[in-house]
Every structure is written in C-alpha cells, then in structure tokens.
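Engineer: Quick one: this structure, given as structure tokens, is what I'll be asking you about.
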Amino acid sequence: MVDIAHDPRWGRILEGAGEDPYLGSQVAAAMVRGYQGNNISDVDTVMACFKHFGLYGAAEAGRDYNTVDMSPLRMYEFYLPPYRAAVEAGAGSVMTSFNEINGVPSTANQWLLTDLLRNQWNFTGFVVTDATAIYELIAHGLGNLQE
C-alpha cells in the first residue's frame with residue numbers, strides 16, 4: 171500500500187506511505203525491489219502489486235471510499251509519485267482503488283488506467299480490482315453486468 175494521505179481522520183493512514191511524496195516514493199520502490207528481487211522468476215520472490223491506484227488516501231473528509239476532487243497539479247505533485255515510483259521499479263501488477271476521481275470511479279477510469287498508467291508511465295503489468303469494485307460500478311451507473 172503506497173497511498174499518500176494528509177487527513178489524519180482517514181482510517182487507513184497508518185498502512186500507507188506517509189504524507190511526503192518523496193519518502194513515499196522511496197518506500198514504494200524499495201517494497202517492489204524487496205518483493206520481486208533482481209529476478210522475478212527466482213523461487214524466493216513474489217510479484218509486487220502496488221495499491222490503491224489512485225489517490226485512495228486523498229478521500230474527502232478522511233472517509234474511506236469517498237470521492238476525490240483534485241486538480242491535476244496536486245495529483246502529480248503530491249499523490250501520484252509513489253505509484254509512479256512503483257512502476258519505475260518494475261512492479262508487475264497494480265490494484266485499483268474504490269474511490270472515484272473527479273466523478274469517475276478509479277476502476278473504470280480511462281484517464282487513470284490507460285492515459286496515465288499505460289501511455290504516460292509505460293506500465294506493462296496487469297491491473298486487478300479491489301474486492302467488489304467491478305460490481306460497485308453498477309451503483310455508479312457505468313454498466314449492467316448482464317450485458
């Protein structure tokens with residue numbers, strides 16, 4: 171978990187990477203290297219999965235799963251650096267977050283998962299969702315799972 175958080179009311183703040191983007195980035199990269207080692211095919215390594223992408227620690231009023239309304243500048247400067255550091259360290263997978271970013275759920279956010287993660291950061295691993303996040307898209311009106 172490499173989430174940056176600034177609101178002490180958030181219940182998962184102690185699990186994340188702190189409040190400093192530089193330190194959080196160093197922690198994220200070290201975690202990836204620690205799990206994956208120098209060769210992911212070695213028997214004593216596991217694939218790293220960084221989470222919760224993205225901005226999970228920035229939920230309004232410190233409420234878990236709450237919305238995140240934020241400018242791109244603030245995202246890039248304060249909240250996204252640890253995720254990018256995990257990508258640059260070679261993480262093999264990423265888990266999406268439950269929150270929405272500027273009105274779009276992270277699990278179905280094209281800007282977050284395609285434009286940023288794949289195209290800007292060149293992430294080549296796989297993306298997984300957290301628990302029931304796909305089913306929760308229905309509540310957002312983003313699909314009928316029967317289709």
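Just add 170 to wherever you are in the sequence shown, counting from 1, and you've got the numbering used here. The beta carbon of each residue, even a glycine, is placed where N, CA and C say it ideally should be.
The alpha helix (DSSP H) that contains residue 195, what's its start and end?
Structural biologist: Taking the first residue of the sequence shown as position 1, residue 195 is located at position 25. Start and end: 191–206.
Engineer: Give me the DSSP bridge partner(s) of residue 270.
Structural biologist: By one-based count along the sequence shown, residue 270 stands at place 100. 275, per the DSSP bridge assignment.
Engineer: Closest to residue 259 by C-alpha separation, out of 279, 171, 290 and 195, would be which residue?
Structural biologist: Numbered from its first residue, the sequence shown carries residue 259 at position 89. Considering only alpha carbons, the answer is 195.
Engineer: Is it buried or exposed, residue 269, if we count other Cβ atoms within 10 angstroms and call 16 or more buried?
Structural biologist: Numbered from its first residue, the sequence shown carries residue 269 at position 99. Buried.
Engineer: What residues are listed by DSSP as bridge partners for residue 211?
Structural biologist: Taking the sequence shown and counting its residues from 1, one reaches residue 211 at position 41. Answer by DSSP bridge pairing: none, since residue 211 is not bridged.
Engineer: Determine the direct distance from the alpha carbon of residue 261 to that of residue 206, and round the result to whole angstroms.
Structural biologist: Within the sequence shown, the letter at position 36 stands for residue 206. Within the sequence shown, the letter at position 91 stands for residue 261. Rounded to the nearest angstrom, the two C-alpha atoms are 8 Å apart.
Engineer: Put residue 217 into one of helix, strand or coil per three-state DSSP.
Structural biologist: By one-based count along the sequence shown, residue 217 stands at place 47. The answer is coil: DSSP assigns residue 217 none of H, G, I, E or B.
Engineer: Assuming residue 257 is part of the alpha helix (DSSP H), what are its boundary residues?
Structural biologist: The residue given as residue 257 occupies position 87 in the sequence shown. Where residue 257 is concerned, the enclosing alpha helix (DSSP H) stretches over 251–258.
Engineer: Would you verify that the beta carbon of residue 202 is, or is not, closer than 8 Å to some beta carbon of chain E?
Structural biologist: Here there is only one protein chain, and chain E is not present.
Engineer: When the distance is taken between beta carbons, is residue 275 closer than 8 Å to residue 225?
Structural biologist: Position 55 of the sequence shown, counted from the first residue, corresponds to residue 225. Position 105 of the sequence shown, counted from the first residue, corresponds to residue 275. No, these two residues do not count as a Cβ contact at 8 Å.
Engineer: From the DSSP output, in three-state form, read off residue 248 for me.
Structural biologist: Here the question's residue 248 lines up with position 78 in the sequence shown. It is helical.
Engineer: Report the partner residues of residue 297 according to the DSSP bridge assignment.
Structural biologist: Position 127 of the sequence shown, counting from 1, holds the residue named residue 297. Answer by DSSP bridge pairing, in chain order: 264.
Engineer: Measure how close the beta-carbons of residue 256 and residue 199 come, nearest whole angstrom, since I'm counting them as under 8 Å.
Structural biologist: Mapped onto the sequence shown, residue 256 falls at position 86. Mapped onto the sequence shown, residue 199 falls at position 29. Right, the Cβ-Cβ distance comes to about 7 Å (below 8 Å), so this counts as a contact.
Engineer: Could you compute how far the alpha carbon of residue 190 sits from the alpha carbon of residue 284?
Structural biologist: Working through the sequence shown from its first residue, we reach residue 190 at position 20. Working through the sequence shown from its first residue, we reach residue 284 at position 114. Going by the C-alpha atoms only, they are around 26 Å apart.
Engineer: Within its chain, find whatever has a CB closer than 6 Å to the CB of residue 356; leave out the 5 residues flanking it on each side and keep chain order.
Structural biologist: Absent from the structure is residue 356, since the part of the chain shown begins at 171 and ends at 317.
Engineer: Assuming residue 222 and residue 267 make a contact with CB atoms under 8 Å, what is their CB distance in whole Å?
Structural biologist: On the sequence shown, residue 222 is found 52 positions in, with the first residue counted as 1. On the sequence shown, residue 267 is found 97 positions in, with the first residue counted as 1. Indeed, because the Cβ distance is near 4 Å, the residues count as touching under 8 Å.
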